[in-house]
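Numbering (full-length UniProt numbering), first residue to last: 1 to 87.
Note sheet for the following structure.
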């Protein structure tokens, strides 16, 4: 869900970070098997948010949620931070 914020010049923002993060988590659970590595940017639910003004907040929220719910653990893939599906 995105909306234009009139207060900051019409930049597009992610309106509901939690709902967008849930979409990304569902995608991880559907697409990846245990032990598979991936980048957050590989997820379609994340790709649609790459240019949003609050993307960094979303990315941090999603990263924490993946780890706290034990869905994925952080790992390094070719020198870049990624994730590995846990269960």
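Backbone N, C-alpha and C define an ideal beta-carbon position, used for all residues, glycine too.
Please read all numbers here as calculations on a predicted model, not as lab measurements.
Shortest Cα-Cα distance from residue 43 to any of 53, 34, 26, 56 involves 26. Membership of residue 65 in the alpha helix (DSSP H) is indicated by the continuous run 55-68.
Excluding residues up to 5 positions away in sequence, 43, 45, 46, 62 lie with their Cβ nearer than 6 angstroms to the Cβ of residue 24 in the same chain.
Within the DSSP secondary-structure output, residue 77 pairs in a beta bridge with 80. Around the CB of residue 32, 16 or more other CB atoms lie within 10 Å, so the residue is classed as buried. For residue 12, the enclosing beta strand (DSSP E) starts and ends at 12-14. Assignment of residue 86 by DSSP, reduced to helix, strand and coil, places it in the coil class.
In this structure residue 50 is exposed. Its beta-carbon is surrounded by fewer than 16 other beta-carbon atoms within 10 angstroms.
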